[in-house]
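K.L.:
Taking the working numbering, I'd label the letters of the sequence shown as residues 30 to 187.
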Amino acid sequence: MENKTIFAMAVISIMTGCATVPATPPEPLITAQLRGTSVEVQQFIEERFRQGTAFQVENATDRAITFKADCMSVPSMNAFKCTAVMMAVGNSRWDGPFAMITFRTSEIRGVVNLTAISEWCATNAFGKSNCMPNSSNSELNDLLRKIDQAYQNEVRPL
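#1: Do you know offhand how far residue 114's Cα is from residue 167's?
#2: Between 53, 73 and 67, which lies nearest to residue 139 when the distance is taken from Cα to Cα?
#3: Going by C-alpha to C-alpha distance, which of 133, 107 and 54 sits closest to residue 72?
#4: For the alpha helix (DSSP H) holding residue 175, just list the boundary residues, first then last.
#5: Could you check what DSSP says for residue 96 in three-state terms: helix, strand or coil?
#6: Considering only the alpha carbon of each residue, which of 100, 141, 107 and 104 lies closest to residue 125?
#7: Under a three-way DSSP split, which group does residue 83 fall into?
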């Protein structure tokens, strides 16, 4: 009887530990507002990304620009972390993982709204890609704030 009571108490204590909610809600993604055209903003971002990082332009349209870098080229990554990302995104026969950052722009009356999405992606032999979110919203928000500040200092204040 005592064993059943102790076992029940242990199960209840484990289950109550699983039902906790985070103390602070996740930070929502922000939108940076820049004065100019979408082409100017994308060109500014492209110049900055090519200066000090291994990110290369993967795709660009009039509404979005996507950068791609190999996992080992990302500054905060190492072989162990890249292996963990690969296990989450693909398997050993997939090409990658790659860090993908997409900046989306929408221009309304001379003001460009800029948002960002960051993902880890891998591609299999058939060209099928699988992606998962890369970083927290706070890291993307910090990146957008830096772009906003640099754009306003170097190109045009809002």
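C-beta atoms are modelled at their ideal positions from N, C-alpha and C, and glycine is treated no differently.
P.N.:
By the coordinates alone:
#1: The alpha-carbon atoms of residue 114 and residue 167 are separated by roughly 20 Å.
#2: Each of 53, 73 and 67 was checked against the Cα of residue 139, and the nearest Cα belongs to 67.
#3: Selected option, being the one with the closest Cα: 133.
#4: Residue 175 -> alpha helix (DSSP H) spans 166 to 183.
#5: DSSP places residue 96 in strand when its eight states are reduced to three.
#6: Nearest of 100, 141, 107 and 104 to residue 125, Cα basis: 100.
#7: Coil.
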